[in-house]
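Remember, our numbering sits 24 above the position in the sequence shown when you count from 1.
Written out below as structure tokens is the structure these notes cover.
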Amino acid sequence: MHYRRLFTVIAVLAFLSLPASAQDGPGLFHRLLDKFGQPTAGLDPNAVYQPAARWSFALTGDLRQAGTSQDRNFKTAMYNLDEYGNLEIDEIPVVINSSLRGSVDKAIGFQVGYGKLNLALSKRFHGEGSNSSFSFDYLSAGSGISVQYFKLSHEVAYDLIFGDESYPLYTIYSDVTNEPGQMRAFIVDAFYAYNQRTFAYSAAYKGNVLQRRSAGSWVFGGKLILSDFIIDPDEIIAAWSGGQARQSSAQVSFGGGYSLNLVALHRQPYGDKEKGLRNLTFNVTGIPMVTLFNQFTVTSYEAKDSGFVPSGKDVMNGKLLLNYMARFGVGYTHDLYTFNLSASSDNFAYRGTSSIVYQGVSNDEVDTSGKFFRWNVSLRLCKHF
Numbered sequence: 025m026h027y028r029r030l031f032t033v034i035a036v037l038a039f040l041s042l043p044a045s046a047q048d049g050p051g052l053f054h055r056l057l058d059k060f061g062q063p064t065a066g067l068d069p070n071a072v073y074q075p076a077a078r079w080s081f082a083l084t085g086d087l088r089q090a091g092t093s094q095d096r097n098f099k100t101a102m103y104n105l106d107e108y109g110n111l112e113i114d115e116i117p118v119v120i121n122s123s124l125r126g127s128v129d130k131a132i133g134f135q136v137g138y139g140k141l142n143l144a145l146s147k148r149f150h151g152e153g154s155n156s157s158f159s160f161d162y163l164s165a166g167s168g169i170s171v172q173y174f175k176l177s178h179e180v181a182y183d184l185i186f187g188d189e190s191y192p193l194y195t196i197y198s199d200v201t202n203e204p205g206q207m208r209a210f211i212v213d214a215f216y217a218y219n220q221r222t223f224a225y226s227a228a229y230k231g232n233v234l235q236r237r238s239a240g241s242w243v244f245g246g247k248l249i250l251s252d253f254i255i256d257p258d259e260i261i262a263a264w265s266g267g268q269a270r271q272s273s274a275q276v277s278f279g280g281g282y283s284l285n286l287v288a289l290h291r292q293p294y295g296d297k298e299k300g301l302r303n304l305t306f307n308v309t310g311i312p313m314v315t316l317f318n319q320f321t322v323t324s325y326e327a328k329d330s331g332f333v334p335s336g337k338d339v340m341n342g343k344l345l346l347n348y349m350a351r352f353g354v355g356y357t358h359d360l361y362t363f364n365l366s367a368s369s370d371n372f373a374y375r376g377t378s379s380i381v382y383q384g385v386s387n388d389e390v391d392t393s394g395k396f397f398r399w400n401v402s403l404r405l406c407k408h409f
């Protein structure tokens, strides 16, 4: 599916690049390239070197892991008769945990770009389940936006803890799903650096602009996560949860932090096609983020003759939480070649009160918490043309 999307995008861009006629001048795509290939205005040339915009092609190798987990705590009523025949009602604590934690995957991919624009495709080639991603980004010296879609498929581990150690029927049941769970996520990241004169965030990650001397900047960041976590409604964990087998989430986060570029080496080019250009830059970025909007919709299913069909939805608005994004990168440029090594980590948690149908009884006071995590270590080998 990702390959078809990529070929479709390339075909559309190629079509846009054609002029309507010889007299019409450059096509829309060429005009867009000219616009996005222009140097960033306001940068100090003594602090940041901006090579001419070029086409680029890169091969990537990734080591990465992603996953999601959820804990639900609530109490259920148990009815018993005492020795005198009187009805007793006991509230028994119940905990249901689930976790889709992908294996540490190795992935390969490629990137095609021009100036500040970049398209990338990456797919797992070794490991359990499946893990693939597609992304588009616009990255200038002091601002940028990245749009990513990734899909992860892996078995889901779960636990049911009924009662506690003091309860006679205390039970712990642990297992994994028969069919792999599916997690799909659409993620938009945006950032803005306040130092728009002597700082180039992309220097260590892309090489379209290069830092000549060390500099840093306070940065503002935003993140949007739209995700789906799906299991087979026929799994035991879905039956425990009253048929709940799909969770859709929408999270919006904003925050501020600091990004620092440390330049270990820089030599200006002395010939055509950046001949003699040398640069070695390190970057460290950290951005704490507050999740202001955190909504989760759980869909329940019931069995019919035609199969499982949706039977109801429950919406939970998560509480305000502090999350974070951290990134490290090193970039080395040699003439028209750029080599990048980067590492990133994203952790976004949620907490709130949701509903569940357990043993045929609806409970609207379920303490629900969970998190989404992803980390990635990437090697990028790029040639500019």
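We treat Cβ as the ideally placed atom computed from N, Cα and C, and that holds for glycine.
- In this model, HIS178 and GLU112 are separated by some 43 Å (Cα to Cα).
- Counting the other CB atoms within 10 Å of its CB gives THR222 a total of 16 or more, which places it among the buried residues.
- VAL200 and GLY137 have their C-alpha atoms some 42 Å from each other.
- Taken atom to atom, the span from the alpha-carbon of ILE311 to that of SER167 is near 14 Å.
- Secondary structure at ASP391: strand, using DSSP grouped into helix, strand and coil.
- Cβ-Cβ separation between ASP161 and ASN142: approximately 5 Å, consistent with a contact (criterion under 8 Å).
- With 16 or more neighbouring CB atoms inside 10 Å of its own CB, VAL322 falls in the buried class.
- For secondary structure counted as the alpha helix (DSSP H) over 4 or more consecutive residues, the segment 59-100 holds no complete run.
- Pairing GLU259 with ARG270, the inter-Cα distance amounts to about 12 Å.
- DSSP places LYS328 within a strand segment (E or B) once states are collapsed to three.
- The C-alpha of VAL401 is placed about 24 Å away from the C-alpha of VAL180.
- Residue pairing of ALA274 in beta bridges, as defined by DSSP: LEU250, GLN319.
- In this structure, GLY231 sits near CYS406, with a CB-CB distance shorter than 8 Å.
- Counting along the chain, ALA131 sits inside the beta strand (DSSP E) bounded by residues 129-138.
- Judged by beta-carbon spacing, ILE255 lies within the 8 Å limit of GLY205, meaning their Cβ atoms are closer than that value.
- Contact annotation, LEU176 with GLY126: C-beta distance approximately 5 Å; criterion of less than 8 Å satisfied.
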